[in-house]
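Enquirer:
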Amino acid sequence: MRIGAAGLSVAQARRIALAAQGFTDPRPASPTRRHLQRVLGRIQLIQMDSVSVAVRAHYMPLYSRLGAYDRSLLDKGAWMPTSTSPRLLVEYWAHEAALIPVADWSLFGWRREDYADGRWWKASVIEETHPGLRAAIHSAIAELGPSTSGVLEKHLGHVPAAERGTWWDRSAVKRMCEAMFASGELAATRDTGFARHYCEPADVIDAPTLTEKISRPEAMVELMRRSVRALGIGIEADLRDYYRLPVADARAALAELVASGEVEQVAVAGWKQPAYLDASARMPRRVEGDTLLSPFDSLIFFRPRVQRLFDFDYRIEIYVPEHKRVHGYYVFPFLMDGELVARVDLKADRAAGVLRVQSAHAEANVGAGADEVPARLAASLHDFAGWLDLDDVLVADRGDLAPALRRALA
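Anchor point for the sequence shown: position 121 equals 567 in the numbering used here, and the numbering is continuous, going up by one each time.
#1: Helix, strand or coil for R789, going by three-state DSSP, please let me know.
#2: Identify the residues that DSSP records as bridge partners of E537: which are they?
#3: Can you check the region 458-504 for any alpha helix (DSSP H) of at least 4 residues that lies completely inside it and give the ranges in chain order?
#4: With a cut-off of 8 Å on the beta carbons, I'd call P820 and L801 a contact; round off their distance for me.
#5: What span of residues does the beta strand (DSSP E) with S805 cover, start to end?
#6: Let's test the definition: count the other Cβ atoms within 10 Å of the Cβ of W566 and tell me whether it reaches 16, buried, or not, exposed.
#7: Measure how close the beta-carbons of F748 and D684 come, nearest whole angstrom, since I'm counting them as under 8 Å.
#8: Closer than 7 Å by C-beta to A725: which residues in its own chain qualify, once you throw out the five before and the five after it? Chain order, please.
#9: Just to confirm, is the Cβ distance from H601 to L590 under 8 Å?
#10: Roughly how many whole angstroms lie between the Cα atoms of W525 and R636?
#11: Under a Cβ-count criterion, where at least 16 other Cβ atoms within 10 Å of its own Cβ denotes burial, should D743 be classed as buried or exposed?
#12: Would you check if the distance between the CB atom of L827 and the CB atom of G799 is smaller than 8 Å?
#13: Distance, Cα to Cα, R461 vs E734?
#14: First and last residue of the beta strand (DSSP E) that includes F780?
#15: Let me confirm a value: H769 is counted as buried when at least 16 other C-beta atoms fall within 10 Å, else exposed. Which label applies?
#16: So does the region 517-535 actually touch the region 839-854, counting three or more Cβ pairs closer than 8 Å?
#17: How big is the Cα-Cα spacing for A457 and A831?
#18: Please tell me whether D521 and T594 are closer than 8 Å, where the distance is taken between their beta carbons.
#19: In chain order, which alpha helix (DSSP H) runs of at least 4 residues are fully inside the region 728-754?
#20: Given A715, which residues of its chain have a CB within under 8 Å of its CB, disregarding the five upstream and five downstream residues?
#21: If we ignore side chains and look at the alpha-carbon of each, how far apart do L755 and W717 end up?
#22: What residues match up with T635 in a beta bridge as DSSP calls it?
#23: Can R771 and E763 be called in contact, C-beta distance under 8 Å?
#24: Please return the same chain residues whose Cβ sits closer than 7 Å to the Cβ of E574, not counting the five positions on each side in sequence.
#25: Going by the beta-carbon positions, is the gap between L739 and A466 smaller than 8 Å?
#26: How would you label A569, buried or exposed, when you count the other beta carbons within 10 angstroms and need 16 or more for buried?
#27: Tell me which residue opens and which closes the beta strand (DSSP E) that Y765 is part of.
#28: With a CB to CB cut of under 8 Å and the five nearest residues on each side skipped, what residues in its chain are close to M729?
#29: Please name the residue or residues paired with A721 in a DSSP beta bridge.
#30: Consult DSSP for V858 and reduce its assignment to one of helix, strand or coil.
#31: Hey, how far is the Cα of P720 from the Cα of G596?
#32: Kindly list the residues whose CB is nearer than 8 Å to the CB of N811, restricted to its own chain and excluding five residues on each side of it in sequence; keep chain order.
#33: Within 10 angstroms of the Cβ of K659, are there 16 or more other Cβ atoms? Answer buried if so, exposed if not.
#34: Quick check: what's the CA-CA separation for E664 versus R761?
#35: For P767, count neighbouring C-beta atoms within 10 Å of its own C-beta (all shown protein chains included) and say buried if the count is 16 or more, exposed if not.
#36: Under three-state DSSP, which class holds V667?
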């Protein structure tokens, strides 16, 4: 009998999802570029975020699936290619800001058309008050090479004090660069400090990919196909969210995949809406092993799906006033044998050489194995600290799991 023919339990759906996301693949002793590519083949994109309280978000998905790896593998694949190790990834608005395979650039032509005048800021509006700025930026990049907005501002003599401020009050140069990046008129690379260096698309994307034209309907079908394969199973909203696809386009693409037999509509116990299953999905009998997850991991970045799959109520509390936070500033869920069993608020105190566990909370709905959580979480935190070149793990007093975790680390 095919998977899902008689309906699925949430536990079965969860195992399908974890396998699709690469959590049942064997962990290599020494991860290589080939293993990086294997993970990318599973998850398709890596969401980026500027917060670095523990480690930058884009490094975590590989760690969660491969274990400790040399972060330069990702740096080289995305930003520091060589003649023998060509660029694998390029940044664009895929989920949010994300690294995607270079070959996928052409799948987002429709989005660049939607953002033809920019995303947050409109190039045409900026040009009204700063005529010639767009052309000047191109000329500056031709002269300087890939450059940050700050370097471009100085080069162009375009740093009026009144225009400095928050993200929403950036200089005209920064706003124009962002508009041009959204439209595909510029591309970007990054340095190890995470600063975005704007460049010409040809600097980071090969000519055949740059010139390839894929129609909007064709691109939607392919992106929906990738969403289904990356997630394994999900309701329409889950699949649509992976690449932030427009509702009507996503619905039409999903219907085409169902009609072709690549995707099957199934029922999952307790879910109010029909689920869609990758017809080639695997459902392992069990999922074993432990790992920490970044808040922006593709397994959990769509919070309604996390609630449905794991019964895990999760939110980012970065912008919540400290006295109102429930679990902490930057909380990592702990995945143990296929369940989210705990969450820890982590901070890498590099000056002290310590991984600080600001809070540790256990989940109330953990089944068999709940008594193993402190020891297994302690081992995972110890490994994580080692990967970050930190010497110790210190647990603060906040959270119901903190005392047991501290004892396990002693």
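Positions of the beta carbon are idealized from the N, C-alpha and C atoms, including for glycine.
Expert: A quick look at the data gives this:
#1: strand
#2: L545
#3: 479-489
#4: Not a contact, Cβ separation roughly 16 Å.
#5: V800 to A808
#6: exposed
#7: 6 Å
#8: G707, E708, V709 and E710
#9: yes
#10: 6 Å
#11: buried
#12: no
#13: 10 Å
#14: V777 to M782
#15: exposed
#16: no
#17: 31 Å
#18: no
#19: none
#20: G453, L454, S455 and V456
#21: 9 Å
#22: H643
#23: yes
#24: none
#25: no
#26: buried
#27: Segment: none, Y765 is in no beta strand (DSSP E) and carries neither H nor E.
#28: I449, Q458, R461, I462 and A465
#29: I681 and V712
#30: Nothing about residue 858 can be reported from this structure: the residues present for the chain run from 447 to 856 only.
#31: 49 Å
#32: D757
#33: exposed
#34: 34 Å
#35: exposed
#36: helix
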